[in-house]
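Colleague: Residue numbers for the sequence shown follow full-length UniProt numbering, beginning at 1 and rising by one. C-beta atoms are modelled at their ideal positions from N, C-alpha and C, and glycine is treated no differently. My structure is below; once you've seen it, I'll send some questions.
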Amino acid sequence: MTTPTTAHPTTMKAWLYTSTTPTLEANLTLHSSARAPPSPLQPSQVLIRVLTAALNPADYKVPAMPLISTALIRKPASPGLDFAGEVISTGSSADTSTFAAGQIVYGTLDLPTQFGSLGEYLIARETNIHPVPEGVSIDHAATVGVAGMTAWQSIAPFVTADAGERVFINAGSGGCGIFAIQIAKALGCTVTTTCSTKNVEFCRELGADEVIDYTAEDVTGVLKAKGQVFDHVVDHIGLPAELYNECHAFLKPGKVFAQVGATRFPTFATRLLRPGFLGGGKRRYLPIFWKPNKEDLVKVGELIRDGKVKVVLDSVFEYEDAPKAFEKLRSERARGKIVVHVASRA
């Protein structure tokens, strides 16, 4: 049983793909009467009309993994995990006082699915969404899901708030890095980060206390020269290749080297499996894989509301230009988040 505000839609506008060869965006086609998510809703589900979708690399990388894509995603499918939108109806056990008809919420899906955030409607679990905080824009709220929660999960469990701990964040100007710098600062940390020359001032404006220009300096050498001063490391790119193997020279004993992303997926396996006595790293290596968590979603939203985290939008695309948004995302030249306007608020 659902609690509807309008009849459950049977069709919707949606960007759909059936193949990711040569790229997902090359196969995106806009449909004006695509199949809408099925009804009835499960008890804890919420039907949402998407207003803004925020893109993440996982939106094109996961569908391109043959076994995962075949098992998870029924096609034709709409890509996209993160969103902000309007509650249309709820399942029988959903909290209608929190998710009343017309409530604007932000959140994420658990995994890529047939009905992603580049479709006009999607179905989310109640535990994966929350009302947009007062004063936070819909576009900004849409970006929290993957990048904001990943940044929180890679830092907050490993530092003591307001203890003045030192954190090194490798690659500070990307989607997760921008959140990570600001979250670390909000937790009272001193932050060192890396970026290219053009983004040095940008990272300082985000709050970084020290910025290493990887195009002009030997990152590992600069860090080793400091000695064992860091309480935590977050690596978003897996470069320089020797960074983890040498981290004992700058990361305190007993502390964690967190790997959030890498330019090459084998980086995770190589660093995880190579023992220290054979030249591998001598600190705990922990791959961080994003997982939806209501408390984390709410916390990052509150930090944005309170002005402690600033959402940086690289670009905003209108719905008809969604393939161009993916092209920009894939270029890896975005400084901040990329969002797509799916629909206007009623």
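(1) So what's methionine 65 in DSSP terms, helix, strand or just coil?
(2) State yes or no: is the C-beta of residue 347 within less than 9 Å of the C-beta of arginine 166?
(3) Which residue from Leu16, Val132 and Ser154 puts its Cα closest to that of aspartate 306?
(4) Which residues mark the beginning and the end of the beta strand (DSSP E) in which cysteine 203 is found?
(5) What distance in whole Å lies between the Cβ atoms of alanine 171 and cysteine 195, which are believed to be in contact at a cut-off of 8 Å?
(6) Between Gly174, Val191 and Phe83, which lies nearest to histidine 140 when the distance is taken from Cα to Cα?
(7) Candidates Arg204, Leu51 and Pro76: which alpha carbon is nearest serine 137's?
(8) Here's a check: name, in chain order, each residue in its chain whose Cβ is nearer than 8 Å to the Cβ of arginine 345, leaving out the five neighbours to either side.
(9) Checking the sheet assignment: what are the DSSP bridge partners for aspartate 235?
(10) So what does leucine 16 bridge to, in DSSP terms?
(11) Need the endpoints of the alpha helix (DSSP H) that glycine 107 sits in, please.
(12) With DSSP as the reference, label valine 136 as helix, strand or coil.
(13) Give a yes or no on contact between the region 88-106 and the region 65-72, applying the rule of three or more CB pairs nearer than 8 Å.
(14) Tell me the start and end of each unbroken alpha helix (DSSP H) in the region 268-335 that is at least 4 residues and wholly inside, in chain order.
(15) Among Tyr319, Ser315 and Glu327, whose alpha-carbon lies nearest the alpha-carbon of arginine 335?
(16) Quick test of the definition: if touching needs 3 or more C-beta pairs under 8 Å, does the region 117-135 touch the region 37-48?
(17) By the DSSP assignment, the beta strand (DSSP E) with phenylalanine 179 in it spans what residues?
(18) Nearest-angstrom Cα distance between arginine 182 and alanine 7?
(19) Alpha carbon to alpha carbon, how far is threonine 143 from alanine 64? Give it in angstroms, no decimals.
(20) Per DSSP, what kind of secondary structure is lysine 224 in: helix, strand or coil?
(21) Can you tell me which of the three DSSP states proline 131 falls into?
(22) Is it right to say arginine 264 is buried, meaning 16 or more other beta carbons lie within 10 angstroms of its own, or is it exposed?
(23) Just the C-alpha distance for valine 233 and valine 339, rounded to the nearest angstrom, thanks.
(24) Candidates Gly119, Pro287, Leu81 and Ala101: which alpha carbon is nearest glutamate 320's?
(25) Shortest alpha-carbon distance to valine 298 belongs to which of Gly148, Pro22 and Ala101?
(26) Should glycine 221 be flagged as near chain B, meaning a C-beta pair shorter than 9 Å?
(27) Could you check what DSSP says for glycine 91 in three-state terms: helix, strand or coil?
(28) Are there 16 or more other CB atoms within 10 angstroms of the CB of proline 81, so buried, or fewer, so exposed?
(29) Measure the alpha-carbon distance for valine 311 versus leucine 206 and round it to whole angstroms.
(30) Let me know the secondary structure DSSP gives proline 266 once reduced to three states.
(31) The alpha helix (DSSP H) that contains glutamine 45, what's its start and end?
(32) By the DSSP assignment, the beta strand (DSSP E) with threonine 193 in it spans what residues?
(33) Does the beta-carbon distance from leucine 55 to leucine 243 come in below 9 Å?
(34) Would leucine 24 pass as a contact of proline 76 if the rule is Cβ separation under 9 Å?
Modeller: Reading it off the structure:
(1) Looking up residue 65 in the sequence shown gives position 65. The three-state reading of DSSP puts methionine 65 in coil, since its state is none of H, G, I, E or B.
(2) What is shown of the chain runs 1 to 346, which leaves residue 347 out entirely.
(3) What you label residue 306 is simply residue 306 of the sequence shown in a count that begins at 1. Residue Val132 holds the alpha-carbon nearest to the alpha-carbon of aspartate 306 among Leu16, Val132 and Ser154.
(4) For this step, residue 203 is matched to residue 203 along the sequence shown. Segment 200-206 is the alpha helix (DSSP H) holding cysteine 203; no beta strand (DSSP E) there.
(5) Sequence index remark: in the sequence shown, residue 195 carries index 195 (1-based). Sequence index remark: in the sequence shown, residue 171 carries index 171 (1-based). Contact between cysteine 195 and alanine 171 holds: their C-beta atoms lie close to 7 Å from each other, under 8 Å.
(6) On the sequence shown, residue 140 is found 140 positions in, with the first residue counted as 1. Closest by C-alpha distance to histidine 140, out of Gly174, Val191 and Phe83, is Phe83.
(7) Within the sequence shown, numbered from 1, the residue matching residue 137 stands at position 137. Nearest in C-alpha terms to serine 137, of all of Arg204, Leu51 and Pro76, is Leu51.
(8) As a position in the sequence shown, residue 345 is number 345, starting the count at 1. Leu51, Glu86, Ile104 and Ile138, listed in sequence order.
(9) Taking the first residue of the sequence shown as position 1, residue 235 is located at position 235. Beta-bridge pairing links aspartate 235 to Asn170 and Gln259.
(10) Here the question's residue 16 lines up with position 16 in the sequence shown. Looking at the DSSP output, leucine 16 shares a beta bridge with Thr29.
(11) Position 107 of the sequence shown holds residue 107. It is not in any alpha helix (DSSP H) - glycine 107 instead sits in the beta strand (DSSP E) that spans 104-108.
(12) In the sequence shown, counting from the first residue as 1, residue 136 sits at position 136. It is coil, neither helix nor strand.
(13) Cβ pair count under 8 Å is below three, so no.
(14) As for any alpha helix (DSSP H) of minimum length 4 sitting wholly inside the region 268-335, the runs are 294-305 and 322-330, ordered along the chain.
(15) Walking along the sequence shown from the start, residue 335 turns up at place 335. The option with the nearest alpha carbon to arginine 335 is Ser315.
(16) In this structure the region 117-135 touches the region 37-48; the number of beta carbon pairs closer than 8 Å is three or more.
(17) Reading the sequence shown from its first residue, position 179 is the one you call residue 179. Phenylalanine 179 -> not in any beta strand (DSSP E); alpha helix (DSSP H) instead, spanning 175-186.
(18) Taking the sequence shown and counting its residues from 1, one reaches residue 182 at position 182. Taking the sequence shown and counting its residues from 1, one reaches residue 7 at position 7. The sequence shown places glutamine at residue 182, not arginine. Rounded to whole angstroms, glutamine 182 to alanine 7 spans 42 Å at the Cα level.
(19) Your numbering for residue 64 matches position 64 in the sequence shown. Your numbering for residue 143 matches position 143 in the sequence shown. Taking the straight line joining both Cα atoms gives about 22 Å.
(20) For the purposes of this step, residue 224 is identified with residue 224 of the sequence shown, where counting begins at 1. Of the three classes helix, strand and coil, the one that applies to lysine 224 here is helix, per DSSP.
(21) For the purposes of this step, residue 131 is taken as the residue at position 131 of the sequence shown. In this structure, proline 131 counts as strand in the three-state DSSP scheme.
(22) Here residue 264 refers to the residue found at position 264 of the sequence shown. So arginine 264 ends up on the exposed side.
(23) Taking the sequence shown and counting its residues from 1, the one referred to as residue 233 is at position 233. Taking the sequence shown and counting its residues from 1, the one referred to as residue 339 is at position 339. C-alpha separation (whole angstroms): 29 Å.
(24) Along the sequence shown, one-based indexing puts residue 320 at 320. Closest by C-alpha distance to glutamate 320, out of Gly119, Pro287, Leu81 and Ala101, is Gly119.
(25) Reading the sequence shown from its first residue, position 298 is the one you call residue 298. When C-alpha distances from valine 298 are compared across Gly148, Pro22 and Ala101, the shortest belongs to Gly148.
(26) Here there is only one protein chain, and chain B is not present.
(27) Translated into positions along the sequence shown, residue 91 becomes position 91. The answer is strand: DSSP assigns glycine 91 an E or B state.
(28) Residue numbering aside, residue 81 sits at position 81 when the sequence shown is read from its first letter. The residue asked about is misnamed: residue 81 is leucine in this sequence, not proline. Buried is the call here.
(29) As a working mapping, residue 311 is identified with position 311 in the sequence shown. As a working mapping, residue 206 is identified with position 206 in the sequence shown. Those two C-alpha atoms are separated by around 10 Å.
(30) As a first step, residue 266 is located in the sequence shown; it is residue number 266 there, counting from the start. In this structure, proline 266 counts as helix in the three-state DSSP scheme.
(31) Taking the sequence shown and counting its residues from 1, the one referred to as residue 45 is at position 45. Counting along the chain, no alpha helix (DSSP H) covers glutamine 45; the unbroken beta strand (DSSP E) around it starts and ends at 45-54.
(32) As a first step, residue 193 must be located in the sequence shown, where it is residue number 193. For threonine 193, the enclosing beta strand (DSSP E) has its first and last residue at 190-195.
(33) In the sequence shown, the residue the question calls residue 55 occupies position 55. In the sequence shown, the residue the question calls residue 243 occupies position 243. With contacts defined as CB atoms closer than 9 Å, leucine 55 and leucine 243 fail to qualify as a contacting pair.
(34) By 1-based counting over the sequence shown, the position of residue 24 is 24. By 1-based counting over the sequence shown, the position of residue 76 is 76. No, the Cβ-Cβ distance between leucine 24 and proline 76 is not below 9 Å.
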